[in-house]
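2 protein chains.
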Amino acid sequence: MRAGVYDSGIGGLTVVKSLIEQKLFDEIIYFGDTARVPYGVKDKNTIIRYSLEALEFFKNFDIDIMIAACNSVSAYAIDELKANAPFKVSGVIEPGVMALKNKIPNLDANILVLGTTATIRSGKYERLLKQNGYKNINSLSPSLFVPVVEEGLFEGVVLETVARHYFEGIDEPDVIILGCTHFPLIKDEISKFFPSSLLIHSGEAVVEFLQKEFLLNQTFKQTSLKLFASENPDKLKKIASVWL
Amino acid sequence: MRAGVYDSGIGGLTVVKSLIEQKLFDEIIYFGDTARVPYGVKDKNTIIRYSLEALEFFKNFDIDIMIAACNSVSAYAIDELKANAPFKVSGVIEPGVMALKNKIPNLDANILVLGTTATIRSGKYERLLKQNGYKNINSLSPSLFVPVVEEGLFEGVVLETVARHYFEGIDEPDVIILGCTHFPLIKDEISKFFPSSLLIHSGEAVVEFLQKEFLLNQTFKQTSLKLFASENPDKLKKIASVWL
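In the order they appear, the protein sequences are chains A and B. The numbering of the first sequence is the working numbering, which starts it at 25 and goes up by one. The numbering of the second sequence is the working numbering, which starts it at 25 and goes up by one.
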């Protein structure tokens, strides 16, 4: 079973980590569009165009499923990907909402969605949560989290000050959707501000979703990983060897 | 006299501001590659490819000079632009060094170059400064300054914390080159840490350079400005109307 995992950069590796841990695939082809990262500040048409280029890339491999491990892609381009792909396609937004539904059946729960500007502007999490009956939804776009993570500042005074800038004055929600694949890397800092909130992590959510929706219940002894990047693949490999 | 001003995003507007103030042109065509910003983290070949695409764009206009108002482009692609352009081309690095030379003739002066990762990695400022006889050169890449500026945080605790993260423990230099067109927007914060340092600003440096090297000494009653962006031109227009 072979998966193609697509992200704007390195954040999707947090999803790869969950896929490897759960042994769902014997091979993962990862493509990070590092030459054009970040997607989170780009507009809809640009994101669709880049996503369809990534789709063409994956057609070179005999993959069974393409996973858009990027919330901005999942927010804007998932329908276009599904319409044009000769293989199965999964994003991360629907899995995230499904995971929340399994864990928090109370429809009055206070939900905070954290995402990039593009993801939040799309309103896709909000719509899907409302369709599932949830009523109390807030969303927030802490735009500096991605560059802070890309700078390698997973803890310390810079991250803390940036987090306070966005979180100060916000009531603690029951559940927080980490609606950007970079955010699991700073979940400890997020939990400092909201210690009682349950965090929904795209990687774990995708694993559950693939098992339930696509019936991927076979497991493999090990997963080989092939990394591709539109620029600086060595940086991607270095980070992957640290994270995974 | 018509100029084409090229930047990866909105930062080049700080150069446009100086050009308008000095009335060097009666028309400026601005192109911001906002769909692919930021360039400062990209590699050499990507920056050259994008720059040559911008050159093709400017061929549609009858411009007299193209100004690469982006240090990352000036660091990596200026020779390719000059080799392929049917009009004059200026970057911002050579003008910056010339401006420094005019203001600080003392070759023992301590110089600090601030720039994006790409600009600093290129070593272009250092080489040019050494060729001009300067000996004491340090460089620093405060990568979070660009996203902080793009987030509109021109002052306050986030900017201050980020600045302290990069500047703490650094001796005050005699002169600081603001080697990224975003940095003039936070020069007050930079001066808080280094109150006695002279700051070199690309916009002012380019004006002097064009007057001296290209003998642009005519002035015009007013400058009309046409803005183009590879995505979200409305955002660019909004920011331009505030800054200019």
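For glycine and all other residues, C-beta sits at the position ideal for the given N, C-alpha and C.
Taking just the CA atoms, how far does residue j sit from residue i?
{"i": "L209 of chain B", "j": "L124 of chain A", "result": "42 Å"}
{"i": "I161 of chain B", "j": "S167 of chain B", "result": "19 Å"}
{"i": "A107 of chain B", "j": "G28 of chain B", "result": "17 Å"}
{"i": "V170 of chain A", "j": "K236 of chain A", "result": "30 Å"}
{"i": "R188 of chain B", "j": "A187 of chain A", "result": "17 Å"}
{"i": "K250 of chain A", "j": "P62 of chain B", "result": "27 Å"}
{"i": "L240 of chain B", "j": "G203 of chain B", "result": "24 Å"}
{"i": "L152 of chain B", "j": "T205 of chain B", "result": "19 Å"}
{"i": "A101 of chain B", "j": "D258 of chain A", "result": "22 Å"}
{"i": "Y30 of chain A", "j": "D103 of chain A", "result": "15 Å"}
{"i": "I214 of chain B", "j": "I71 of chain A", "result": "35 Å"}
{"i": "S254 of chain B", "j": "K216 of chain A", "result": "39 Å"}
{"i": "F207 of chain A", "j": "V181 of chain B", "result": "22 Å"}
{"i": "G122 of chain B", "j": "V39 of chain A", "result": "Inspection of the sequence shows that residue 122 of chain B is occupied by Met rather than by Gly. Distance between the alpha carbons of M122 of chain B and V39 of chain A is about 49 Å."}
{"i": "K245 of chain B", "j": "V266 of chain B", "result": "22 Å"}
{"i": "L76 of chain B", "j": "K41 of chain B", "result": "24 Å"}
{"i": "N95 of chain B", "j": "F218 of chain A", "result": "40 Å"}
{"i": "S163 of chain B", "j": "L138 of chain B", "result": "6 Å"}
{"i": "S191 of chain B", "j": "K83 of chain B", "result": "Correcting the residue identity first, residue 191 of chain B is Phe in this sequence and not Ser. Going from the Cα of F191 of chain B to the Cα of K83 of chain B covers about 42 Å."}
Check each candidate in the options and name the one with the smallest Cα separation from residue i.
{"i": "G36 of chain B", "options": "B:M90, B:K83, B:P110", "result": "B:M90"}
{"i": "E51 of chain B", "options": "B:S221, B:T243, B:K259, B:I263", "result": "B:T243"}
{"i": "L131 of chain B", "options": "B:K154, B:K112, B:G64, B:G147", "result": "B:K154"}
{"i": "D88 of chain A", "options": "A:F207, A:P129, A:Y30, A:P110", "result": "A:P110"}
{"i": "E175 of chain B", "options": "A:D258, A:V65, A:V173", "result": "A:V65"}
{"i": "L48 of chain A", "options": "A:A253, A:G227, A:W267, A:L260", "result": "A:G227"}
{"i": "L223 of chain B", "options": "B:D198, B:R26, B:F178", "result": "B:D198"}
{"i": "A12 of chain B", "options": "B:I194, B:S98, B:L76", "result": "The requested residue 12 of chain B is not part of the displayed model; chain B covers only 25 to 268."}
{"i": "I53 of chain B", "options": "B:L177, B:K245, B:V173, B:L79", "result": "B:L79"}
{"i": "S32 of chain B", "options": "B:Q46, B:E118, B:R73", "result": "B:R73"}
{"i": "Y158 of chain A", "options": "A:L177, A:L136, A:L164, A:S146", "result": "A:L136"}
{"i": "L43 of chain B", "options": "B:D57, B:E77, B:V230, B:I263", "result": "B:V230"}
{"i": "S221 of chain A", "options": "A:K261, A:I200, A:E45, A:F238", "result": "A:I200"}
{"i": "A118 of chain A", "options": "A:A133, A:A93, A:L260", "result": "Here the sequence assigns Glu to residue 118 of chain A, which means Ala is not the residue at that position. Checking every option, the nearest Cα to that of E118 of chain A belongs to A:A93."}
{"i": "F238 of chain B", "options": "B:S248, B:S114, B:R60, B:H225", "result": "B:S114"}
{"i": "N134 of chain B", "options": "B:L164, B:K262, B:D195", "result": "B:D195"}
Please compile the residues from chain A whose C-beta is within a distance smaller than 7 Å of the C-beta of residue i.
{"i": "T185 of chain B", "result": "V181, V182, T185"}
{"i": "S221 of chain B", "result": "Neighbours of S221 of chain B on chain A: none; closest Cβ ~23 Å, over 7 Å."}
{"i": "L168 of chain B", "result": "P171, V172, E175"}
Can you pull the chain B residues whose beta carbon is under 7 Å from the beta carbon of residue i, in chain order?
{"i": "R60 of chain A", "result": "R60"}
{"i": "T70 of chain A", "result": "A59, E255"}
{"i": "K66 of chain A", "result": "A59, E255"}
{"i": "H206 of chain A", "result": "Within chain B, no residue comes near H206 of chain A; the closest Cβ sits about 13 Å away, beyond 7 Å."}
{"i": "H225 of chain A", "result": "Here the premise fails: no neighbours, minimum Cβ distance about 24 Å."}
List the endpoints of the continuous beta strand (DSSP E) containing residue i.
{"i": "R18 of chain B", "result": "Nothing about residue 18 of chain B can be read from this structure; chain B reaches only from 25 to 268."}
{"i": "H206 of chain A", "result": "Premise fails: H206 of chain A is in no beta strand (DSSP E) and is neither H nor E."}
{"i": "I224 of chain B", "result": "222-225"}
{"i": "I91 of chain A", "result": "89-92"}
{"i": "N162 of chain A", "result": "160-164"}
How is residue i classed by DSSP in three states: helix, strand or coil?
{"i": "A133 of chain B", "result": "coil"}
{"i": "E51 of chain A", "result": "strand"}
{"i": "D195 of chain B", "result": "coil"}
{"i": "V29 of chain B", "result": "strand"}
{"i": "G36 of chain A", "result": "coil"}
{"i": "V172 of chain B", "result": "helix"}
{"i": "S254 of chain B", "result": "coil"}
{"i": "L240 of chain A", "result": "coil"}
{"i": "L153 of chain B", "result": "helix"}
{"i": "S75 of chain A", "result": "helix"}
{"i": "G139 of chain A", "result": "strand"}
{"i": "I44 of chain A", "result": "helix"}
{"i": "I201 of chain A", "result": "strand"}
{"i": "S98 of chain A", "result": "helix"}
{"i": "S249 of chain B", "result": "In the sequence on display, residue 249 of chain B carries Leu and not Ser. Three-state result, L249 of chain B: strand."}
{"i": "N69 of chain B", "result": "helix"}
{"i": "A289 of chain A", "result": "With chain A covering only 25 through 268, there is no way to say anything about residue 289 of chain A."}
{"i": "D86 of chain A", "result": "coil"}
{"i": "A229 of chain A", "result": "helix"}
{"i": "A109 of chain B", "result": "coil"}
{"i": "L167 of chain B", "result": "Here residue 167 of chain B is Ser; the residue named in the question, Leu, does not match the sequence. Note: S167 of chain B maps to coil in three-state DSSP."}
Taking Cβ-Cβ distances shorter than 8 Å, what residues in chain B pair up with residue i?
{"i": "V97 of chain A", "result": "Ordered by position in chain B, no residue passes the 8 Å Cβ test against V97 of chain A, which lies about 15 Å from the chain."}
Could you tell me the boundaries of the alpha helix (DSSP H) in which residue i lies?
{"i": "V113 of chain B", "result": "Segment 112-114 is the beta strand (DSSP E) holding V113 of chain B; no alpha helix (DSSP H) there."}
{"i": "N126 of chain A", "result": "117-127"}
{"i": "E179 of chain A", "result": "Counting along the chain, E179 of chain A falls outside any alpha helix (DSSP H), and DSSP gives it neither H nor E."}
{"i": "S215 of chain B", "result": "211-217"}
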